[in-house]
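In short: position in the sequence shown from 1, add 40, done, that's the numbering used here.
For every residue, glycine included, the Cβ atom is placed at its ideal position computed from N, Cα and C.
This one's a predicted model, so the numbers in the text were calculated from it and none came from an experiment.
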Amino acid sequence: ESMALQAKICRLFADLIPDGTSADAEEPSGWIRDCIGFMELHATEGISVQQVAEFAGVHRSYFSGVFAAQVGMPPLKYIQKIRMEKAQRLLAETDATVTEIAFSLGYPNLYTFTRAFKSYFDLSPLAVRAKRGREAKDG
């Protein structure tokens with residue numbers, strides 16, 4: 041509900057900005073950048089592509105196509121990338137447990153997070169954490 045309101049407010053502001061020239065293939069990059077910012081802000085809340093499309097005020101399939109064409113990956117993969125990079129950073133830079141990190145990134149449980157992490161990095165979260173420990177001893 042609050043995201044829908046936020047999306048409407050952003051569309052209202054976007055409508056106030058005068059259009060420069062006629063729309064061409066490069067035109068959506070401004071709103072795609074806005075969507076990327078929205079995704080980065082809300083990725084840990086377990087947002088869906090549908091919610092990002094609603095934020096942009098466009099249909100999900102249109103959003104997915106334009107996003108993939110401009111960013112080079114589908115929006116769902118981009119959301120996953122944000123979450124995985126943050127997970128990697130948290131494992132390397134904090135003493136939070138893997139379970140705490142999983143929940144902080146919006147995963148419903150440790151198993152789902154561990155499976156997603158291992159699929160993305162080909163390493164388990166504990167292996168990444170252990171690697172950090174070895175580097176600290178060597179350094």
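With the cut-off set at 9 angstroms, would you say residue i and residue j are in Cβ contact?
i    : j    : result
L131 : R172 : yes
I119 : I87  : yes
A127 : F157 : yes
Tell me the rounded alpha-carbon separation between residue i and residue j.
i    : j    : result
E125 : P115 : 15 angstroms
P165 : A93  : 31 angstroms
V106 : M79  : 15 angstroms
A170 : D162 : 15 angstroms
L81  : A167 : 28 angstroms
F153 : Q46  : 28 angstroms
Y151 : E85  : 18 angstroms
I141 : N149 : 10 angstroms
Output needed for residue i: all residues of its chain with C-beta closer than 6 angstroms, excluding positions within five of it in sequence on either side, in chain order.
i    : result
Y160 : M124
D74  : none
Leaving aside the five residues before and after residue i along the sequence, list all residues of the same chain whose C-beta is less than 8 angstroms from its C-beta, in chain order.
i    : result
R129 : none
V111 : I72, I76 and Y118
D64  : Note that D64 scores a pLDDT of 45, beneath 50, so its modelled location is shaky; the value from the coordinates is reported in the next line. So no residue of the chain qualifies.
S69  : Q110
Note down, in chain order, each residue of its chain lying with its Cβ closer than 7 angstroms to the Cβ of residue i, except the 5 sequence neighbours on either side.
i    : result
A108 : P114
P122 : Strictly speaking, residue 122 in this sequence is Ile, with Pro absent from that position. The answer, listed in chain order, is M79, E80 and A83.
Following the continuous alpha helix (DSSP H) through residue i, name the residue where it begins and the one where it ends.
i    : result
E80  : S69 to H82
M180 : The structure shown does not extend to residue 180, since the chain is modelled only from 41 to 179, so the question has no answer here.
T139 : V138 to S144
E94  : V89 to A96
T134 : Counting along the chain, T134 falls outside any alpha helix (DSSP H), and DSSP gives it neither H nor E.
L150 : L150 to F161
Please confirm if the region 134-143 is in contact with the region 95-109, defined as three or more CB-CB distances below 8 angstroms between the two stretches. no
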